[in-house]
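All remarks here apply to the structure that follows.
Chains as they are written, first to last, in my numbering: chain A, 2 to 424; chain B, 260 to 523.
Printed below as a string of C-alpha cells:
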C-alpha cells in the first residue's frame, strides 16, 4: 500500500465517519426535537381532575362528552378551554368510579403519560385528599376500608398527576394549600321508600324529623302521617361522600354520632339503584330515606348523566321528598317539571337557595396555581374569576342542564378564590 | 538494576497521573461516571426546525434540547422522580449539584423556573415510564418556552434579571443566568440537571426590554474549575517531575568515563 492509497483510504474513512456522525446527529434531532405540542392529542396537555361523583357527569360534559363513552346515550358538548393567550388548554375528568363499577369497588387510574397507577379517588373528600398529597409529596392511598378499598395496596406518589379536584362541599380543616372556587349550586335531597301505606310519599319531611332519624342510636325513628305510623330507617352513603357530608352539615351530627341504620349505612352515593336494592327487601311497615345530590338526581333523570337511579325513578313507593326547613318554610321538592312536554326536571330555585339545603359546588386547585412562581394562567383562565370559562354563560347553561343552579347574590360569586382549606 | 527501576517509577508515575487526569475529567462530566447527570448540556433549540439558536428576543419561543436518551436517575412511575425547569444566577448555586435549589410544593425554592407560552411554570412533568427518559412531547405539551414570560408574568423584575453593568435593569445592563432541565426525587432533591448559560442584555426596542444570548452547557459557571483544572495539571506536573527525576538520576549514575553499569 503506497502513501497515496493510504491517504485516500483515511480520507474515505473520515468522510464515512463524518457522514455517519451527521446522519446520527440528524436522527437524534428528528427523534426528539420536533414540534412537541402541535400534533399530539389534547389529553397530553389537558388538566386532570378527580373527586366528587356528584359533578362527574357535568365535568364529563365540560371535557366534551357525557355520559362519557362507552356508557352510551352520549351527548357531545363544546369542551371548555382556557383562553387563546393561555394556549386553549382543556380538561379531562376521572370519575369517582370505574366504568360500570360502584364507588365502593377498588379501582386504579393512570392520569398522565409516564405516571403511576394510583387509587381512584371515590368522593369529594378523597379527591381533595389526593390533590393535597400531590403538592405535599405525600403518597396517596384510599382509606383501605370496605367502602374505599385500595387498588394499589400501598401509598403512591401522585405529584404532578392531579391538577384539580371536583368538590361538592366547602373546605374543612385549617389548612391553606388548596383553594375552593365556587361555580354553581346543588341541594341536598332525600330519596324515600314508602312501603305502600303513603306515610312518606304524602309527607312533608321536616328537618326535625331528619335529625331525629339520623341522631338516634340505631339510625331509625317512627313517623306518623295520615294515621299511619311507620318505622323509617336512615340510610347513609359512604363516608366522605357529598350527600353524607352535607347531611351532617344540615343536622350537626358527625360520622361518630350518626351511624345510620346498620344495614344501609355505607351505600354507594347518588345511586337510586343502590338504595332500591336495599329498600326493596324491607318488611311491611318499614320505610327508608337516604340523602342524595339533587343535581345528580336531576341530571340522571334528564338523561344527560349516567343513570344510576332508573330502578327508583317513576316506580311506586320511591321519590324525592318534599322538604320543610328548620324555619318552617316548605321548600317543596328539589325540582319542578318543565321543558318540552313538561317532563324535564328543572332545579327548584327556592329549594336550592335555601341556606341549609342548598350548597355550592366547587373546583379545587392548589393555591400555588393562582399566584407566585407556579401561577398557572391556563388554570386561572379555566376556573378563577367571574370571566373564567366555567363562569361563562355557555358553561352555566350546561350546569343548569345537569341539575345545578347558577349562583345568585348571597350564595357566593362564581370564580371567587377566597375559600381556603386542605381537606 | 537501578537504571531499570527508574523507568518503572516513571511508568508508575505516568499511570497515576493518567488516573488522576481521567478522574478529573469524569468529575466535570466528560465521562459518564454514574447514572446521575449533573451539569449535562442543554441546547436552546428552535421548536419548529430543531436547530440550535444562540440568541433571540424575549418573545422568541424555544425548547431545551438534551442529549439523546437523556434520562433522570429514576422514573416517575416507579421511583417518583419528576422533571422541572430552573433559572438561577450562578453566584449562589453550585454547578455540580444546583444546591441550594430544591423542589417544594411542586416548584423550585431558592430559585426561579421557566414559563411556557401560556405563562405557566413548566414542571412537574413525568418521565417516560421505566426508562426515566425526558420526553419533549411531555415537557412541552402545554407550550414552548419564552424568556419574556419571566417579566410579563411578574416572576421577577428587570433590575433583578439585568443585575450587572450600567443601571440594573436599564441601559447597558445585563445578567448571566443558568437555566435548564432538572430531575428531582419525590423528596424534592435535585438528582440530575442539564444546563445552558444565558446572558440577558437590556434592549430598549424589545417588548420586555431584554434580549438574550446563550452558550450550551455550563459556560463560565464552573466554580469548581480550580479542582477540575488542578487535577490534570497535577498529573502533568507529576509526569514532568518524574521525567526530570529520571534524567537527573540517570545523569548522576553515569561515571566520568561515560560507561553505564547495568546489572546482569
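Note that CB positions come from ideal geometry on N, CA and C, so glycine has one too.
Using the Cα positions of residue 169 (chain A) and residue 294 (chain B), report the straight-line distance between them to the nearest angstrom.
Their backbone Cα atoms lie some 46 Å apart in a straight line.
Between residue 378 (chain A) and chain B, is any beta-carbon pair separated by less than 8 Å?
yes
By the 10 Å Cβ neighbour count, where 16 or more other Cβ atoms means buried, how is residue 369 (chain B) classified, buried or exposed?
exposed
Quick check: the Cα distance between residue 151 (chain A) and residue 339 (chain B), rounded to an integer number of angstroms?
19 Å
So what does DSSP say about residue 270 (chain A), is it helix, strand or coil?
coil
Could you please give me the residues that DSSP links to residue 412 (chain A) through a beta bridge?
Its beta-bridge partners do not exist; DSSP assigns none.
When the cut-off is 8 Å and only beta carbons count, does residue 71 (chain A) lie next to chain B?
Interface residue (Cβ-Cβ distance to chain B less than 8 Å): residue 71 (chain A) is not classified as such.
Using a cut-off of 8 Å between C-beta atoms, extract the partners of residue 376 (chain B) located in chain A.
88
Assumed close pair residue 97 (chain A), residue 110 (chain A) - CB separation to whole angstroms, cut-off 8 Å
In fact, because the Cβ distance is near 11 Å, the residues do not count as touching under 8 Å.
Between residue 447 (chain B) and residue 393 (chain B), which are expected to be in contact by the criterion C-beta below 8 Å, what is the C-beta distance as a whole number of angstroms?
That belief does not hold up - the Cβ atoms of residue 447 (chain B) and residue 393 (chain B) are roughly 18 Å apart, past 8 Å.
Beta carbon of residue 188 (chain A) nearer than 8 Å to that of residue 84 (chain A):
no
Whole angstroms are fine: how far does the CA of residue 271 (chain A) sit from the CA of residue 389 (chain A)?
Straight-line measurement puts the Cα of residue 271 (chain A) at about 28 Å from the Cα of residue 389 (chain A).
Report the three-state DSSP secondary structure of residue 367 (chain A) (helix, strand or coil).
It is a strand residue.
What does DSSP give as the partner residues of residue 316 (chain A) in its beta bridges?
Answer by DSSP bridge pairing: none, since residue 316 (chain A) is not bridged.
Per DSSP, what are the beta-bridge partners of residue 141 (chain A) in this structure?
Listed as beta-bridge partners of residue 141 (chain A) by DSSP are A:157.
Can you give me the start and stop residues for the beta strand (DSSP E) that residue 297 (chain B) sits inside?
297 to 300
Residue 340 (chain A): which of A:247, A:317, A:303 sits nearest, CA to CA?
Comparing Cα positions, the closest option is A:303.
Evaluate the contact criterion for the region 100 to 115 of chain A versus the region 383 to 401 of chain B: three or more CB pairs, one atom per stretch, below 8 Å.
yes
Classify residue 365 (chain B) as buried or exposed, calling it buried when 16 or more other Cβ atoms lie within 10 Å of its own Cβ.
Residue 365 (chain B) is buried by the Cβ-count criterion.
Contact list for the region 423 to 446 of chain B against chain A, Cβ threshold 7 Å:
445, 446
Return helix, strand or coil for residue 343 (chain B), following the three-state DSSP convention.
strand
Exposed unless 16 or more other CB atoms sit within 10 angstroms - verdict on residue 219 (chain A)
Exposed, since its Cβ has fewer than 16 Cβ neighbours within 10 Å.
When the cut-off is 8 Å and only beta carbons count, does residue 291 (chain B) lie next to chain A?
Bear in mind that the predicted position of residue 291 (chain B) carries a pLDDT of just 31, short of 50, making it too unreliable to give a figure here.
Excluding five sequence neighbours on each side, which residues of the same chain lie with their C-beta closer than 8 Å to the C-beta of residue 389 (chain B)?
334, 336, 337
The beta strand (DSSP E) with residue 229 (chain A) in it runs from where to where?
229 to 235
Is residue 136 (chain A) close to chain B? Criterion is C-beta to C-beta, closer than 8 Å.
yes
For residue 228 (chain A), which of A:171, A:354, A:204 has the nearest alpha-carbon?
A:204
Can you find a CB in chain B that lies within less than 8 Å of the CB of residue 160 (chain A)?
yes
Just verifying my parser: in three-state terms, what is the DSSP assignment at residue 380 (chain B)?
strand
So, does the CB of residue 336 (chain B) fall closer than 8 Å to a CB anywhere in chain A?
It does; some Cβ of chain A falls within 8 Å.
Applying a beta-carbon distance threshold of less than 9 Å, which residues of chain B neighbour residue 116 (chain A)?
What residue 116 (chain A) touches in chain B: 335, 336, 385, 388.
From B:468, B:459, B:451, residue whose alpha carbon lies closest to that of residue 358 (chain B):
B:451
Which residues, in chain order, does the region 102 to 126 of chain A contribute to contact with chain B at a C-beta distance below 9 Å?
111, 113, 114, 115, 116, 117, 118
Would you mind sorting residue 351 (chain B) into buried or exposed? The rule is 16 or more other CB atoms within 10 Å of its CB.
exposed
Among the residues of its own chain, which have a CB less than 7 Å from the CB of residue 468 (chain B), if the five just before and after it don't count?
Within the same chain, residue 468 (chain B) has close Cβ partners 417, 461, 462.
Rounding to the nearest angstrom, what Cα-Cα distance links residue 105 (chain A) and residue 149 (chain A) in this structure?
5 Å
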